[in-house]
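Chemist:
2 protein chains.
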Amino acid sequence: MSADGRDLSQNKANYTPLSPLSFLKRTAAVYPDRTALVYGQLKRDWRSVYVRCTRLADSLRKLGLKPGETVAVLSANTPEMFELHFAVAMAGGVLNAINIRLDPASIAFILEHGEARIFMLDSGLGHVGKKALALLDKPPVCVDIPDTQAGLNSLTGSVTYDDLVADGSEQSEWLHPEDEWDAIALNYTSGTTGNPKGVVYHHRGAYLNAVSNALVWNMGPHPVYLWTLPMFHCNGWCFPWTLAMNAGTSVCLREMVPEKVFQLIDDHRVTHFCGAPIVMNMLIAAATRLQKKLKHSVNAMTAGAAPPEAVIRQMEDMGVHLTHTYGLTETYGPVTLCAPQEQWSSLKPDERAKIQARQGVKGHMLEDLMVANPNTLEPVALNGEEMGEVFMRGNNVMKGYLKNPSGTEQAFGDGWFHSGDLAVWHADGYIQILDRSKDLIISGGENISSLEIEDVLYKHPNVFEVAVVARSHPKWGEAPCAFIALTEGADETEQSIVAYCRENMARFKIPKTVVFCELPKTSTGKIQKFMLRKQAEELKREPLP
Amino acid sequence: MSADGRDLSQNKANYTPLSPLSFLKRTAAVYPDRTALVYGQLKRDWRSVYVRCTRLADSLRKLGLKPGETVAVLSANTPEMFELHFAVAMAGGVLNAINIRLDPASIAFILEHGEARIFMLDSGLGHVGKKALALLDKPPVCVDIPDTQAGLNSLTGSVTYDDLVADGSEQSEWLHPEDEWDAIALNYTSGTTGNPKGVVYHHRGAYLNAVSNALVWNMGPHPVYLWTLPMFHCNGWCFPWTLAMNAGTSVCLREMVPEKVFQLIDDHRVTHFCGAPIVMNMLIAAATRLQKKLKHSVNAMTAGAAPPEAVIRQMEDMGVHLTHTYGLTETYGPVTLCAPQEQWSSLKPDERAKIQARQGVKGHMLEDLMVANPNTLEPVALNGEEMGEVFMRGNNVMKGYLKNPSGTEQAFGDGWFHSGDLAVWHADGYIQILDRSKDLIISGGENISSLEIEDVLYKHPNVFEVAVVARSHPKWGEAPCAFIALTEGADETEQSIVAYCRENMARFKIPKTVVFCELPKTSTGKIQKFMLRKQAEELKREPLP
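First to last, the protein sequences are chains R and P. Residues in the first sequence are numbered consecutively from 54, following the numbering used here. Residues in the second sequence are numbered consecutively from 54, following the numbering used here.
1) Determine, for M173 of chain P, whether the minimum Cβ-Cβ distance to residues of chain R falls below 9 Å.
2) Identify whether K345 of chain R lies in helix, strand or coil by the three-state DSSP scheme.
3) Would you mind telling me which residues of chain P sit closer than 7 Å to Y68 of chain R, beta carbon to beta carbon, in chain order?
4) Per the contact definition of three or more C-beta pairs closer than 8 Å, is the segment 368-380 of chain R in contact with the segment 323-340 of chain R?
5) Measure the alpha-carbon distance for T69 of chain P versus F444 of chain R and round it to whole angstroms.
6) How about A82 of chain P: is its C-beta nearer than 9 Å to some C-beta of chain R?
7) Can you round the beta-carbon distance between P596 of chain R and K565 of chain R to whole angstroms, since I take them to be within the 8 Å contact cut?
8) Is the beta carbon of A110 of chain P closer than 9 Å to that of S225 of chain P?
9) Quick one: which residues of the segment 487-512 of chain P get their C-beta closer than 9 Å to a C-beta of chain R? List them in chain order.
10) Can you check whether the CB of Y84 of chain R is closer than 9 Å to the CB of A392 of chain P?
11) Does the segment 472-485 of chain R come into contact with the segment 87-101 of chain P, if we say contact requires no fewer than three beta-carbon pairs (one atom in each stretch) closer than 8 Å?
12) Can you have a look at T429 of chain R and say buried or exposed, based on whether 16 or more other CB atoms are within 10 angstroms of its CB?
13) Below 8 Å on C-beta distance, what does N271 of chain R contact in chain P?
14) Does the separation of the CB atoms of G52 of chain R and L113 of chain R fall below 9 Å?
15) If you check the beta carbons only, do G468 of chain P and A359 of chain R fall under 9 Å apart?
16) Do the CB positions of W270 of chain R and S303 of chain R come within less than 9 Å of each other?
17) Taking only the alpha-carbon atoms, compute the straight-line gap between L513 of chain R and V522 of chain R and give it to the nearest angstrom.
18) Using a Cβ cut-off of 9 Å (strictly closer), state whether A187 of chain P contacts chain R.
19) Does the beta carbon of S62 of chain R come closer than 9 Å to any beta carbon on chain P?
20) Which one of R:L592, R:E122, R:L137 and R:C305 has the shortest CA to CA distance from L455 of chain R?
21) Measure from the C-beta of T461 of chain P to each C-beta in chain R and report whether the shortest distance is under 9 Å.
22) Assuming A300 of chain R contacts T80 of chain R (C-beta within less than 8 Å), just tell me the rounded distance between them.
23) Straight-line CA distance for E590 of chain R to T382 of chain R?
24) State buried or exposed for Q344 of chain P, treating a residue as buried only when at least 16 other CB atoms are found within 10 Å of its CB.
25) Would you please state the rounded distance, in angstroms, between the beta carbons of F326 of chain R and A353 of chain R? I believe it to be under 8 Å.
26) Exposed or buried, which one is F561 of chain P when buried takes at least 16 other CB atoms within 10 Å?
27) Where do the ends of the alpha helix (DSSP H) carrying A297 of chain P lie?
28) Please work out which residues of its chain come closer than 7 Å, Cβ to Cβ, to T245 of chain P, disregarding the five sequence neighbours upstream and downstream, and give them in chain order.
29) In the segment 272-304 of chain P, which residues sit with their C-beta less than 7 Å from some C-beta in chain R, listed in chain order?
30) Please report whether the beta-carbon of T245 of chain R lies at a distance below 9 Å from any beta-carbon of chain P.
31) Using a Cβ-Cβ distance cut-off of 9 Å, determine whether W397 of chain R contacts chain P.
32) Note down, in chain order, every chain R residue with its Cβ under 7 Å from the Cβ of K452 of chain P.
33) In whole angstroms, what is the alpha-carbon distance linking M54 of chain R and D60 of chain R?
34) Flag this pair as yes or no: are the beta carbons of V516 of chain P and M558 of chain P separated by less than 9 Å?
35) Going along chain R in order, which residues have a C-beta closer than 7 Å to the C-beta of S75 of chain P?
36) How about H256 of chain P and P293 of chain P: are their beta carbons less than 9 Å apart?
Structure (structure tokens):
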């Protein structure tokens with residue numbers, strides 16, 4: 054018997070493993086009639102979502118799924134995709150949501166590496182999914198998800214998602230995890246080199262990051278959330294679980310079409326949506342084209358790349374309140390945010406946008422964040438100048454990489470997660486990402502941030518999109534090479550762009566090559582710099598001296 | 054190597070024991086200049102609170118405090134009381150905040166049973182504290198907290214709180230708990246019979262319930278919270294930790310004086326405060342007396358007893374939005390809430406107040422809540438009629454009772470926490486407490502809820518406060534006995550009250566005795582029914598037949 058109650062042990066009354074499944078159970082009980090899902094003509098309340106997930110979990114187990122085994126899914130942002138974020142875990146399984154823009158070989162690699170036992174396949178993606186399956190020696194059981202709202206019928210020959218829902222028992226007991234450290238999801242990084250890595254999430258982290266989302270964004274009860282962010286991206290940054298917690302409504306969306314987004318925002322009085330800056334950029338361009346104004350104010354969260362200052366200002370002008378966050382697949386999505394400070398309200402819009410473009414401070418549930426020398430782990434000075442790598446630790450950092458002990462060791466080796474992103478640390482404690490380690494341009498011995506050059510170019514009225522990468526240079530070793538997509542009908546030359554740069558940045562940062570083209574992007578809207586780097590090296594013409 | 058990543062282990066990068074100390078650390082870093090504490094002329098920002106707590110933790114350890122040892126405190130709601138909620142834990146200690154209305158013998162019992170090593174003593178409570186110390190063979194080290202804002206100077210002879218702050222090092226490393234199951238606080242129940250029980254809280258529960266408070270109440274960032282609720286009551290329902298999480302401002306308050314409360318609400322634009330229904334009742338009476346209207350709308354949370362419908366309505370009329378919650382010392386304070394439903398807005402005020410008087414549904418972080426037969430644990434029917442005991446389980450249920458294995462076993466024996474409260478379960482899933490097990494009146498074989506009778510009597514225009522208890526009855530075994538405090542200047546008789554009851558309740562529920570008097574209360578504003586029960590039995594006159 055100790056004075057500090059250390060002998061008092063855990064029991065069923067005072068300990069429950071943290072799991073986002075608790076949120077679904079609660080919301081189905083407290084708000085059974087509130088709308089959970091909207092998709093085309095379909096509306097589904099929380100009671101129905103819970104019942105369907107219970108049934109589906111039962112069927113998955115009858116299909117032979119054992120606790121800890123993987124269920125892969127290749128799907129757009131459909132109601133089924135949302136439900137799978139609960140149903141798979143309720144069967145004790147691990148959800149592996151696969152990037153829908155991948156080629157069959159990459160999908161096959163992921164299915165094999167993740168040891169998927171069941172593969173849920175959106176009928177709209179059947180062609181690529183079937184090709185992937187054909188590449189496997191031991192393909193998983195395939196389940197079709199016919200998207201009837203989009204007029205996409207079932208692929209023949211397979212059992213459908215709704216068959217499983219129909220076959221499962223509503224009375225069956227689903228599995229709450231015995232250990233909150235048990236895996237809930239598996240997400241493959243987009244890995245620009247080599248094979249992708251399988252990032253494992255656990256129930257504890259999913260629970261905490263779901264709550265963190267609500268706190269960081271001050272969402273309040275019953276948000277109406279539009280799914281502009283793919284759910285296969287860090288499980289939609291954990292928002293399916295957040296929406297179960299705060300009893301929100303998910304407005305599903307098959308494809309990011311700006312006209313459709315504006316329509317849904319108006320029709321359902323959407324309060325929140327997420328997306329990479331490129332998504333915001335598309336909406337700004339469409340708003341100008343369509344002369345569209347929002348009828349009510351909306352909150353948008355952006356991450357995945359730093360939003361150019363111009364994007365921040367234009368979103369605000371449109372009536373969208375933008376929250377800038379930052380994270381990686383390895384951190385369950387966003388874990389830092391550019392938390393607004395009272396005194397910012399007195400800043401001029403341009404100055405404020407500049408500060409809002411920073412990645413900011415740790416969110417409520419990230420334990421530690423620092424910018425440090427990657428070799429010594431010595432934090433850099435908080436002067437906005439000294440560059441270092443971003444390090445995090447906390448409960449919303451991944452469990453590790455699946456079947457990749459050396460990768461896991463590298464990521465965690467010294468008690469901090471190595472993000473691979475380079476940043477400076479400002480005097481007010483806010484971090485600002487300058488580049489991915491591999492995106493840094495080293496020219497004549499000077500470190501040049503490609504982001505910084507992009508930020509300047511984004512302010513040019515005729516520049517729609519821009520990406521700057523390193524290109525070998527006979528004199529400087531490397532030099533910046535700018536790839537630019539111009540706004541429609543605009544006319545610029547390499548000379549005019551370089552002249553603009555000369556007015557707006559230090560001499561050594563001016564791009565020595567300017568290319569006008571469409572920019573290649575990943576499914577999550579990130580510009581694929583590795584392709585541009587390759588393209589830059591293959592250019593025939595010489596860079597400027 | 055397993056397919057579900059089960060081999061991926063915890064390390065410093067991906068696991069941190071949950072503790073509210075993380076919230077203080079974050080808020081001091083992100084919002085260093087925001088006001089954390091206001092008290093009289095004193096204003097203190099989060100940076101200072103963090104530095105002072107770091108220093109104090111260092112001094113506590115220098116005083117010999119070992120991890121897991123108890124620091125007791127007897128204090129009003131002062132800034133020091135707030136800081137101790139962090140500083141003691143940062144030294145690895147367990148905070149035991151003692152009820153300031155207790156007599157010296159009870160305080161001595163608690164100091165001895167809790168094995169306090171250090172005793173922090175508010176100078177305004179020095180007389181009773183010193184008397185308690187004099188009763189102990191081995192008194193703890195005493196530290197004075199002079200309340201200079203209230204003009205209460207230090208007691209001579211002891212080291213003061215500020216001495217410890219001054220002596221500690223700002224550079225010292227404070228202790229984050231190694232295990233989130235480690236104790237953070239010890240709170241003694243008010244135990245109406247026998248010795249009080251020591252309820253142990255752990256860091257995990259304190260963290261989660263702090264977050265739950267913010268979610269349940271939709272507090273948002275930077276609330277201004279007025280301390281009308283004693284911090285010795287379930288650690289102020291965990292709100293010191295909530296306010297560190299959402300970077301709020303605490304407006305401290307030595308005594309619950311309505312005039313002062315209204316003044317502080319106006320002066321500091323208070324957004325939130327808590328209190329038992331009796332606190333709300335005092336404010337309503339004062340508002341009428343002073344013809345006071347609030348200049349802005351304020352959120353109040355009430356718990357500790359069911360708020361009479363009349364109180365709910367009058368608070369709303371005053372401009373206070375009331376949230377009704379329920380919990381016990383054993384559940385870190387409130388864990389259920391009467392969550393508002395959309396369709397309630399179309400109800401008439403009286404009907405809505407009736408529904409709002411229910412204790413409601415589980416909060417976001419309570420795992421399970423049920424009303425069941427205490428012997429079989431069979432849930433009662435959801436019909437609003439069948440009575441049962443309230444049971445809870447989840448991470449915000451206590452670790453157990455200190456040095457009391459049989460009490461702990463009784464509370465937890467069958468995997469549910471036994472609340473001892475009797476309730477019905479309505480068809481919509483909302484629970485409604487009818488009584489404490491021991492407050493139930495069994496009259497002629499019928500169960501009578503004293504709360505129900507009180508609710509009716511509270512609607513009588515001349516009734517200020519009322520408590521109904523069981524009194525022995527020659528014919529019925531027991532019968533209701535009503536103790537009533539009338540509004541100032543009002544005139545009523547037993548006959549007039551009984552006549553009123555005859556109009557408004559079932560015959561067998563009508564009190565057989567009516568007594569007009571002041572009602573005895575605990576320091577937390579709860580009416581002390583055990584004293585009234587004793588008084589009822591000692592009455593000389595016969596009850597009505």
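Glycine is no exception: its CB is placed at the ideal position from the N, C-alpha and C atoms.
Modeler: In terms of the structure at hand:
1) no
2) coil
3) N448
4) yes
5) 15 Å
6) yes
7) 4 Å
8) yes
9) none
10) yes
11) no
12) exposed
13) G273 and P274
14) The shown model of chain R, from 54 to 598, leaves out residue 52 of chain R, and the question about it has no answer.
15) no
16) no
17) Per the sequence shown, the amino acid found at residue 513 of chain R is His instead of Leu. One C-alpha to the other measures close to 18 Å.
18) no
19) yes
20) R:E122
21) yes
22) 5 Å
23) 29 Å
24) exposed
25) 6 Å
26) exposed
27) F292 to M298
28) Its pLDDT being 45, under 50, T245 of chain P is placed unreliably by the model, and the measurement read from it follows with that caveat. Within the same chain, T245 of chain P has close Cβ partners F583.
29) G273, P274 and M298
30) Below a pLDDT of 50, predicted positions are generally treated as unreliable, and T245 of chain R, at 45, falls in that range; no measurement from the model is reported.
31) no
32) G58, L61 and N67
33) Summary for M54 of chain R: the model assigns pLDDT 40, below 50, so the residue's position carries little reliability; its value from the coordinates is reported in the next sentence. Answer to the nearest angstrom: the Cα atoms are 6 Å apart.
34) no
35) E420
36) no
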